[in-house]
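In this note's numbering, the protein residues as written are 24 to 277.
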Ligand code: 2AM
Ligand code: CA
């Protein structure tokens with residue numbers, strides 16, 4: 024099953040690589056600076072046809088749907104066709120196709136693919152995490168020994184002050200901060216040992232479902248910024264990192 028999902032995700036990435044965005048193909052969704060392109064829609068359509076053919080009993084929750092699908096008993100695909108849409112529109116080449124699979128509400132498989140860098144991260148519960156076939160194992164570094172990534176919840180300006188307050192407190196405790204624009208890649212980068220921590224004040228399940236499985240299999244942890252267990256049926260803040268960096272962040276009580 025994993026191989027078939029990877030093949031579908033690779034083909035979805037090809038749709039991104041072959042894209043030629045014109046102004047008429049970018050639409051504004053509700054909220055501040057919230058865009059969807061014809062390619063977000065095309066990739067979701069492609070995956071909403073391919074994935075159920077691989078696992079017919081699975082439900083399908085995608086960012087570009089009506090959002091009504093709950094993550095319940097049994098299998099659910101949780102899909103962000105393009106995570107990092109602003110990067111995609113602006114040519115930053117830092118966007119990913121993200122396909123997660125939940126069983127009874129818990130992540131059991133994840134594939135995150137940045138076609139621009141030809142980097143595919145994947146994991147299956149209990150079988151380890153990989154980047155392009157190389158096994159991923161986190162070294163448990165603390166905040167001072169690594170880079171911290173964050174998202175700005177750009178669609179919701181009410182989170183801006185909190186985001187900058189946390190950044191202000193965290194910056195002097197780290198090697199440096201990065202704002203990369205794709206939560207799925209930020210979390211996968213922790214699994215790859217590139218970041219030690221990621222936080223964002225508001226995320227949806229499709230932003231982190233796949234990367235959560237990859238991170239867990241590499242030895243990292245994911246919870247809310249208050250240290251609570253996350254729930255795919257609830258929009259919340261997300262904190263992800265090495266065990267030590269997460270513990271250090273939570274001890275600051277931000
Ligand atoms: P997107 O590109 O699929 O929209 C940017 O801050 C990162 O967080 C991206 O992964 C983006 O996903 C996601 N994101 C930003 N604001 C969000 C919000 N208010 N709700 C859900 N996801 C958000
Ligand atoms: Ca998206």
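Where a beta carbon is used, it is the ideal one built from N, C-alpha and C, also for glycine.
For clarity, every value in this text was computed on a predicted model and none was experimentally measured.
For this session: Pick helix, strand or coil for residue 277, following the three-state DSSP scheme.
Result: Within the chain shown, residue 277 is the residue found at index 254, counting from 1. It is coil, neither helix nor strand.
Exercise. Are the stretch 99-117 and the stretch 190-206 in contact at 8 Å, needing three or more beta carbon pairs?
Worked result: Output reads yes: the stretch 190-206 touches the stretch 99-117.
For this session: Kindly indicate which three-state DSSP category residue 268 falls into: helix, strand or coil?
Result: Position 245 of the chain shown, counted from the start, is the residue given in the question as residue 268. In the structure shown, residue 268 sits in a helix (DSSP, three-state: H, G or I).
Exercise. Got a sec: does ligand 2 put a non-hydrogen atom nearer than 7 Å to the Cβ of residue 177?
Worked result: For the purposes of this step, residue 177 is taken as residue 154 along the chain shown, with counting starting at 1. No.
For this session: Tell me whether residue 25 sits in a helix, a strand or coil according to DSSP, three-state version.
Result: Taking the first residue of the chain shown as position 1, residue 25 is located at position 2. DSSP places residue 25 in the helix class (H, G or I) of the three-state scheme.
Problem set entry | For residue 210 and residue 235, believed in contact at Cβ under 8 Å, the rounded distance | For the purposes of this step, residue 235 is taken as residue 212 along the chain shown, with counting starting at 1. For the purposes of this step, residue 210 is taken as residue 187 along the chain shown, with counting starting at 1. The beta carbons of residue 235 and residue 210 sit about 7 Å from each other, so the pair counts as a contact at 8 Å.
For this session: Return yes when the Cβ of residue 218 is within less than 8 Å of the Cβ of residue 171, no when it is not.
Result: Walking along the chain shown from the start, residue 171 turns up at place 148. Walking along the chain shown from the start, residue 218 turns up at place 195. A Cβ-Cβ contact shorter than 8 Å links residue 171 with residue 218.
For this session: Using 7 Å as the cut-off, classify the Cβ of residue 105 as near or not near the heavy atoms of ligand 2, replying yes or no.
Result: As a working note, residue 105 is residue 82 in the chain shown. For residue 105, the CB falls within less than 7 Å of some heavy atom of ligand 2.
For this session: Let me know if residue 187 comes out buried or exposed under the rule of 16 or more other beta-carbons within 10 Å of its beta-carbon.
Result: Stepping through the chain shown from its first residue, residue 187 is reached at position 164. With fewer than 16 other Cβ atoms within 10 Å, it is exposed.
Exercise. Is any heavy atom of ligand 2 found at a distance shorter than 7 Å from the C-beta of residue 109?
Worked result: Along the chain shown, read from residue 1 onward, the residue named residue 109 stands at position 86. Result no, Cβ not under 7 Å from ligand 2.
Problem set entry | Distance cut-off 7 Å: residue 86 Cβ against heavy atoms of ligand 1 | Counted from its first residue, the chain shown places residue 86 at position 63. If you check the C-beta of residue 86 against ligand 1, you find a heavy atom less than 7 Å away.
Problem set entry | residue 251 in three-state terms, based on DSSP | Translated into the one-based positions of the chain shown, residue 251 becomes position 228. Of the three classes helix, strand and coil, the one that applies to residue 251 here is coil, per DSSP.
For this session: Could you give the DSSP three-state label for residue 196: helix, strand or coil?
Result: Looking up residue 196 in the chain shown gives position 173. Assignment of residue 196 by DSSP, reduced to helix, strand and coil, places it in the helix class.
Problem set entry | With 16 other Cβ atoms within 10 Å as the buried cut-off, status of residue 162 | As a first step, residue 162 is located in the chain shown; it is residue number 139 there, counting from the start. Classification for residue 162: exposed.
Exercise. Sorted by chain position, which residues of the same chain lie with C-beta nearer than 6 Å to residue 250's C-beta, five sequence neighbours on each side aside?
Worked result: Counted from its first residue, the chain shown places residue 250 at position 227. Here the set comprises 273.
Problem set entry | For residue 178, three-class secondary structure by DSSP | Residue 178 sits at position 155 when you count from the first residue of the chain shown. Coil.
Exercise. From residue 168 to residue 231, what distance separates their C-alpha atoms?
Worked result: Reading the chain shown from its first residue, position 145 is the one you call residue 168. Reading the chain shown from its first residue, position 208 is the one you call residue 231. Taking the straight line joining both Cα atoms gives about 24 Å.
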